[in-house]
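Take a look at the structure set out below.
2 protein chains.
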Amino acid sequence: MQAAADPRLPRYEQIREHLRRRIFAGEWAPGAALPAETELAKEYEVALGTMRKAIELMVDDGLIERLHGKGTFVRGELQQASMFRFFRFRRDADDASPVVPHTVIHALQEATLDDRVAERLSLGRARRGIFILRSRELPEGSGLLERIWLPYPPFRELLKLQPKDMPDLLYPFYRSRCGVVIARASETIRFATLGRDDAALMGMAKGAPVAVIERTAFSLTGEPVEFRITQGDAAKFYYNVEIK
Amino acid sequence: MQAAADPRLPRYEQIREHLRRRIFAGEWAPGAALPAETELAKEYEVALGTMRKAIELMVDDGLIERLHGKGTFVRGELQQASMFRFFRFRRDADDASPVVPHTVIHALQEATLDDRVAERLSLGRARRGIFILRSRELPEGSGLLERIWLPYPPFRELLKLQPKDMPDLLYPFYRSRCGVVIARASETIRFATLGRDDAALMGMAKGAPVAVIERTAFSLTGEPVEFRITQGDAAKFYYNVEIK
DNA sequence: CAGTGGTCTAGACCACTCC
DNA sequence: GAGTGGTCTAGACCACTGC
Chain G
1 MQAAADPRLP
11 RYEQIREHLR
21 RRIFAGEWAP
31 GAALPAETEL
41 AKEYEVALGT
51 MRKAIELMVD
61 DGLIERLHGK
71 GTFVRGELQQ
81 ASMFRFFRFR
91 RDADDASPVV
101 PHTVIHALQE
111 ATLDDRVAER
121 LSLGRARRGI
131 FILRSRELPE
141 GSGLLERIWL
151 PYPPFRELLK
161 LQPKDMPDLL
171 YPFYRSRCGV
181 VIARASETIR
191 FATLGRDDAA
201 LMGMAKGAPV
211 AVIERTAFSL
221 TGEPVEFRIT
231 QGDAAKFYYN
241 VEIK
Chain W
1 MQAAADPRLP
11 RYEQIREHLR
21 RRIFAGEWAP
31 GAALPAETEL
41 AKEYEVALGT
51 MRKAIELMVD
61 DGLIERLHGK
71 GTFVRGELQQ
81 ASMFRFFRFR
91 RDADDASPVV
101 PHTVIHALQE
111 ATLDDRVAER
121 LSLGRARRGI
131 FILRSRELPE
141 GSGLLERIWL
151 PYPPFRELLK
161 LQPKDMPDLL
171 YPFYRSRCGV
181 VIARASETIR
191 FATLGRDDAA
201 LMGMAKGAPV
211 AVIERTAFSL
221 TGEPVEFRIT
231 QGDAAKFYYN
241 VEIK
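From first to last, the protein sequence lines are chains G and W.
Residue 144 in this note's numbering sits at position 144 of the first sequence, with consecutive numbering throughout.
Residue 56 in this note's numbering sits at position 56 of the second sequence, with consecutive numbering throughout.
Put into structure tokens, the structure is as follows:
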């Protein structure tokens, strides 16, 4: 049960790495509680302060979460991942409106993942996988157009679904039906203009400017498991960055 | 010398706040070293661990920086603030080319700050201030067009300059000539199309798509002291976001 | 070498949650 | 009240920097 990592690293780094592996190995499922810090300190034969440091680092990593008086828990889904956070679709910018966008599935099918997608998903070369094309619409009108590529395993399950049974939120579905927890994502933003087909799907003019967000989503184990390209009206794009 | 903050807060929070104030008050200039942690622990009459916690928080805030074996230093300028980080202007994406963009000053003058700008700078109402219009160009060709608004004090000094004496990098200049250190900034990204005049200045077509970055920059004391609107070719805009 | 920050210990007591 | 994480102490020793 001892950490077998590089002994030149501080103990708390070794412990962090070891606990991370145990979480990846499924010893504690997402949402489950880790042993109390005093337990873990005993188990790893270190002082409480050292254990706390290791745990704090994992909290910073976003891997676990601490709740005073309750315990330390493996983080569930990635939060704040909605593509709508990049856009201002609300009528009057009054905040408290947790409207769930309506989803329209245009395609849900097997597909060959081309080289670009295969590279993002760290697949050796082009392979069979799953392709989804969908719109996400708010009552106000226009919304987002989304293309999603998934590797065949572990997402084969999705092909058994009727489009009408597709959930609005995919990540909880990935977890419950495919056993994959999305823990992290990398997104790039750029601008482009709409091709004819996409324009028709979005109810916008051909050549209209759009913001394009490309997201690679990673599982708890750090593997890229989903690649997604989302397009939305550039005029409604809005994003904030804090630097220090 | 003791912290006079809310005594219900943890000691390390009180100490953090107190040290922050002392830095703002100029007790240690940017780049200067704070006393050693053992000294500070004695001064505040706390254990070393408590002092370290307070210091770690300030490091996370970006206010100070620790160097093993050397000391703890007040951070100098805001880093990574270049507007070019939002764009891909490089020829072949070969990285190691620290090219300093060439700056062209189109205007440097007194101006009345309109309500929108005055609000961003937390000025009661429209006031006199300074307006700068400049281009930042790379050898490759097109670049960025920048509008900058500054309140009259402490930037009056700038008006004595000839445009040819304006430095490429403003923040070090603000510090050395106006006594203002930029410590933090808030940026929003949106999309627009070029008006006729801006298009001419940028050597682009009227109506061409641009990414617009609006930045409010804050001094060490937390006051907004500069408002800036930067425009660049939307086709070259590129930004990355990591979420977890 | 002296002086700095980094790691680690072995405790004590407090604050919060839940039964 | 039992169990959890949060705060704090008073030390020890290690690792890095610069004279």
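The beta carbon of each residue, even a glycine, is placed where N, CA and C say it ideally should be.
Neighbourhood of residue i by C-beta, 8 Å cutoff - its chain only, sequence neighbours within 5 removed
i, result
"G/F218", "I182, A183, R184, A185, S186, P224 and V225"
"G/P172", "E77"
"W/I64", "I23, L34, I55, M58, T72, F73, V74 and R75"
"G/S122", "E223 and P224"
"G/A32", "F73 and V74"
"W/R127", "T112, L113, A118, P151 and Y152"
Residue i burial status per 10 Å Cβ neighbour count (16 or more: buried)
i, result
"W/Q80", "exposed"
"W/P151", "buried"
"G/P209", "buried"
"G/F227", "buried"
"G/Q162", "exposed"
"W/Q2", "Residue confidence for W/Q2 is low, a pLDDT of 38 falling below 50, so the modelled location carries little weight; the figure read from the coordinates is stated next. Flag for W/Q2 reads exposed."
"G/K236", "buried"
"G/D165", "exposed"
"W/L67", "exposed"
"G/R125", "exposed"
"W/D233", "buried"
"G/L220", "buried"
"W/G222", "exposed"
"W/G26", "exposed"
"G/E20", "Reading off the sequence, residue 20 of chain G comes out as Arg, not Glu. Looking at its Cβ environment, which holds 16 or more other Cβ atoms inside 10 Å, G/R20 is buried."
"G/A93", "With a pLDDT of 49 at G/A93, under the threshold of 50, the modelled position of that residue is not reliable, and the figure given next carries that caveat. Exposed, because fewer than 16 other Cβ atoms sit within 10 Å of the Cβ of G/A93."
"G/L113", "buried"
Alpha helix (DSSP H) segment containing residue i, residue limits
i, result
"G/R196", "R196 to M202"
"G/R16", "R11 to F24"
"W/Y152", "Y152 to F155"
"G/P172", "L170 to F173"
"G/R52", "L48 to D61"
Closer than 7 Å: residue i CB and nearest the ligand COA heavy atom
i, result
"G/R134", "No copy of the ligand COA occurs in the structure displayed, which carries no ligand at all."
Chain G contact for residue i (CB, 8 Å cutoff)
i, result
"W/A183", "yes"
"W/R190", "yes"
"W/G62", "yes"
"W/S219", "no"
"W/Q2", "Residue placement at W/Q2 is poorly supported in this model, since its pLDDT is 38, which falls under 50; the coordinates still yield a value, given next. It does not; no Cβ of chain G falls within 8 Å."
"W/F237", "yes"
Beta carbon of residue i nearer than 8 Å to that of residue j
i, j, result
"G/D111", "G/G129", "Here residue 111 of chain G is Ala; the residue named in the question, Asp, does not match the sequence. Closer than 8 Å, so yes."
"G/P154", "G/V180", "yes"
"G/L169", "G/Q231", "no"
"W/L158", "W/R147", "no"
"W/V241", "G/I15", "no"
"W/A211", "W/F191", "yes"
"W/Q109", "W/F84", "no"
"W/S135", "W/V104", "yes"
"G/K244", "W/G62", "yes"
"W/R11", "W/T38", "no"
"G/L194", "G/G207", "yes"
8 Å Cβ cutoff, residue i in contact with chain W
i, result
"G/Q80", "yes"
"G/K206", "no"
"G/K244", "yes"
"G/E39", "no"
"G/E187", "yes"
"G/V180", "no"
"G/A234", "yes"
"G/V241", "yes"
"G/A211", "yes"
Run of the beta strand (DSSP E) containing residue i, from where it starts to where it stops
i, result
"W/E226", "P224 to D233"
"G/G71", "G71 to V74"
"G/Y44", "That residue, G/Y44, is in no beta strand (DSSP E); its alpha helix (DSSP H) goes E37 to Y44."
"G/G129", "R127 to L138"
"W/E110", "H102 to L113"
"G/E187", "I182 to T193"
"G/A211", "P209 to S219"
"W/L67", "I64 to L67"
"W/Y239", "Y239 to I243"
Spatial neighbours of residue i in its chain, beta-carbon cut-off 6 Å, leaving aside the 5 residues before and after
i, result
"G/L48", "A41"
"W/L201", "L145"
"G/P30", "V74, G76 and V181"
Other residues of its chain near residue i: CB distance less than 7 Å, five sequence neighbours each side excluded
i, result
"G/R120", "T216, P224 and F227"
"G/D197", "none"
"W/P167", "F173"
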